[in-house]
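Peer 1: Let me give you the structure first, and then I'll get to my questions.
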């Protein structure tokens with residue numbers, strides 16, 4: 260309620276995907292606070308957690324209700340069976356429940372014109388969902404710089420700027436950021452091998468690895484980034500611009516829905 264006693268205007272609803280994590284003996288659906296906080300305070304939207312159930316009927320209902328989708332980062336990797344048909348590395352942590360939720364969710368959101376923002380694992384999920392492939396271990400490839408965080412460092416140091424990225428001069432991010440390059444953090448083991456059809460590279464690392472892409476001819480905002488803009492987003496002008504733009508797209512989606520009853 261406002262100070263005058265009137266109801267506050269409803270904010271756009273953004274679905275935040277969850278991981279399936281075992282905590283103690285029980286499975287939990289979890290999403291990091293930093294993502295939820297960025298949606299609340301960076302995008303000015305209301306977060307709604309999407310459990311990793313892989314229930315297509317539930318997802319169809321959510322798509323008609325939500326004004327945006329945030330694909331979060333995570334500690335697991337997309338199962339390579341979804342893009343290369345290979346046996347997963349035994350050392351790789353998987354989350355099949357999340358895969359079964361997010362991969363169909365991406366195509367549903369794009370078909371329905373629901374704004375979507377992918378971050379780190381979410382970036383990789385979007386590429387796989389649309390037909391792209393991933394490099395499973397960048398550090399073993401031999402042609403790329405180190406993109407993983409140093410886990411011996413403090414959390415602040417791990418999320419500090421790691422390298423610059425060059426923005427596509429004809430891309431959406433270059434227009435949004437009004438710059439040709441920016442510095443980003445780097446905390447990922449996997450990356451894009453082949454970009455899916457219909458995706459446009461928005462930024463590359465110094466070694467040529469794709470760091471961001473957009474969906475060509477999408478009905479609404481559809482961007483994904485390999486870095487972590489949600490980390491202390493309020494201290495980074497580019498992170499603020501990204502979450503603000505996503506929030507505005509979600510608000511537009513909400514208005515369109517309301518106008519159509």
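In the numbering used here, the protein residues as written are 260 to 520. Glycine included, each C-beta is placed from N, C-alpha and C at the ideal position. Treat the numbers as computed from the prediction; the structure is a model and nothing was measured.
What three-state label does DSSP hand residue 498 in the structure shown?
Peer 2: One-based indexing of the chain shown puts residue 498 at position 239. The answer is helix: DSSP assigns residue 498 an H, G or I state.
Peer 1: Check whether the Cβ atoms of residue 521 and residue 436 lie closer than 8 Å to each other.
Peer 2: A query on residue 521 cannot be resolved here, the shown segment of the chain reaching from 260 to 520 and no further.
Peer 1: Going by alpha carbons, who is nearest to residue 369 out of 325, 380 and 399?
Peer 2: Here residue 369 is taken as the residue at index 110 of the chain shown, counted from 1. It is 325.
Peer 1: Using the beta-carbon count (16 or more within 10 Å), is residue 476 buried or exposed?
Peer 2: Within the chain shown, the letter at position 217 stands for residue 476. Its Cβ having fewer than 16 others within 10 Å, residue 476 is exposed.
Peer 1: Taking the beta carbon of residue 515 as the centre, do at least 16 other beta carbons fall within 10 Å, making it buried, or is it exposed?
Peer 2: Counting from one through the chain shown, the residue named residue 515 turns up at place 256. So residue 515 counts as exposed.
Peer 1: Taking residue 349 as the reference, which of 338, 445, 359 and 490 has the closest Cα?
Peer 2: In the chain shown, counting from the first residue as 1, residue 349 sits at position 90. The shortest Cα separation from residue 349 among 338, 445, 359 and 490 belongs to 338.
Peer 1: DSSP three-state call for residue 483: helix, strand or coil?
Peer 2: Locating residue 483 in the chain shown gives position 224, where the first residue counts as 1. Residue 483 falls in the strand class under three-state DSSP.
Peer 1: Between the Cα of residue 438 and those of 360, 275 and 500, spot the shortest distance and give me the residue it belongs to.
Peer 2: Stepping through the chain shown from its first residue, residue 438 is reached at position 179. When only C-alpha atoms are compared, the closest one is 500.
Peer 1: Starting from the Cα of residue 462, find the closest Cα among 414, 409, 482 and 332 and give me that residue.
Peer 2: Position 203 of the chain shown, counted from the start, is the residue given in the question as residue 462. Nearest of 414, 409, 482 and 332 to residue 462, Cα basis: 482.
Peer 1: Less than 8 Å between the CB atoms is what I'm expecting for residue 373 and residue 424, so what's the real figure, rounded?
Peer 2: As a first step, residue 373 is located in the chain shown; it is residue number 114 there, counting from the start. As a first step, residue 424 is located in the chain shown; it is residue number 165 there, counting from the start. About 27 Å; that fails the 8 Å criterion.
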